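For the sequence shown, the working numbering begins at -10 and goes up steadily by one.
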Amino acid sequence: MTEDGIFGDLGITPFRRRVSSGRPAPHLSLRFDSHLFSIDTSRSPKGSVQPDAYLITHAHSDHYGKSAMISPEAVASRETARALEIRHGRRYEGRTFPVGGSILVDDLEVVTYSTGHTIGSVAFGWETDLGVRVLVTGDVKNYENLPKCDLLVTEANYGDPWDPACRFEDDIVGFGDAVDAGSTFGAYAFGKAQRAVSLIRALGCKDPIGMDGKSLALTRELLPGFGPFSPAEENGTDLNVVTPWELSTIRSKRKYVLTGRSDLPFAQIRISDHLDFKGLMRMVERISPKAALVYHPEGRRANMMAHHLRELGMASISVSEIEDSF
């Protein structure tokens, strides 16, 4: 099925911006009615076509908020905006909203929904002049708050149905055992570190948690009341949450990386911020779109998820298959 066949009746055209090398810029933009929205992408250079809004679903670097955050057309949750400021040491120049709130872009109401991926992560939803309901999810851990839609623009971090690594369950039991034993956990400073702290407190542990500087700053800002915390090097216990790159600097008998990756020299405990393949398919079934555009990441997994959805009878393409550019 061609791109025109999928989107023509919906009155929506997906685009990718070309950079100076001729390669496509990250992710995509959607043109509909009189609007152009750029989704999780870097800023357009001066002199080129400018969008009405840069929709930033969350503050992870592969969603390009570092670039978009200095545009007055940036749109992000309050927590995402603050996380971007802490992570990148620059002022967020766009507009913000509370998670679950709405915001006007020109005369169009854009409603937001929590996705549970990181603190402040949201999906964006709106309805076009033709009555087409569009939902852009970003990355998703919990889809319970997401509404039904006609066009779903979503992730495929674990969307390849033929890759065994895309099917998993979080090892909460193993994580709890490691917490009880007093362990040091490697977790990305934004997102995974806060999930680890939330789980530690949910398990009933009230001990101080040692953290590296960036993880500590983000966690204190985004999880007020979840202390006590201390800098990892000053922590008197073995319970620490630091970035994976700092695990080797911490004196601890038990070290784990909270990841599904296999290229780090430490034992792993699976704690993911994403839905696995089965979860993604349950999400699609619940949302029941007429068409889907799989935009993150680019490459094999997005391609395979779009292919799988087509095999199930749904109109679907991946971001790599977008032909139009500007």
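Using N, Cα and C, we set each Cβ at its ideal position, and we do this for glycine too.
Keep in mind it's a predicted model, so treat the numbers as computed, not measured.
Secondary-structure assignment with DSSP links I1 through a beta bridge to F21. In this structure, the alpha-carbon of I306 lies about 29 Å from that of D96.
Here R259 has F157, D159, D160 and G249 as same chain residues with Cβ atoms under 7 Å from its own Cβ, once five neighbours each way along the sequence are excluded. The beta carbons of G83 and A57 sit closer together than 9 Å.
Secondary structure of Q39 (DSSP, three-state): coil. A contact between stretches requires three or more CB pairs, one per stretch, nearer than 8 Å, and the stretch 109 to 124 fails this requirement with the stretch 188 to 203. Counting other Cβ atoms within 10 Å of its Cβ, S277 stays below 16 and is therefore classed as exposed. The DSSP-derived three-state label of W115 is strand. The alpha helix (DSSP H) runs lying completely inside the stretch 188 to 238 and spanning 4 residues or more are 202 to 211, given in chain order. For G78, there is no enclosing alpha helix (DSSP H), as DSSP marks it with neither H nor E. Between P87 and the set V99, L93, M294 and E68, the nearest pair of CA atoms involves E68.
Excluding the 5 residues flanking it on each side, R289 has same chain C-beta neighbours closer than 8 Å at D149, in chain order.
The C-alpha of G(-6) is placed about 45 Å away from the C-alpha of L207.
Three or more Cβ pairs closer than 8 Å define a contact, and the stretch 116 to 136 meets that threshold against the stretch -7 to 9. Spatial neighbours of E235 in its own chain (CB-CB distance under 7 Å, excluding positions within 5 residues in sequence) are listed in chain order as D201. The beta carbon of L247 is closer than 7 Å to those of F174, G175, A176, K181, A185, I258 and I260 in its chain, skipping five residues each way along the sequence. CA-to-CA, the gap between Y43 and A280 works out to about 22 Å.
Shown here for L228: same chain residues with a beta carbon closer than 8 Å to its own, the five before and five after excluded, namely V168, G171, S172, T173, I189, C194, D196, P197, I198 and G199 in chain order. Our two residues, H77 and H49, have alpha carbons roughly 11 Å apart in a direct line. Within the stretch 138 to 184, the runs of alpha helix (DSSP H) that reach at least 4 residues and sit entirely inside it are, in chain order, 161 to 170.
For E98, the uninterrupted beta strand (DSSP E) run begins and ends at L97 to S103, by DSSP.
Its Cα nearest to that of P220, the residue S204 stands out among S18, E312, E210 and S204.
Around the beta carbon of P254, fewer than 16 other beta carbons lie within 10 angstroms, which makes this residue exposed.
Inclusion of H263 and D128 in the CB contact set at 9 Å is warranted, their separation being smaller than that value.
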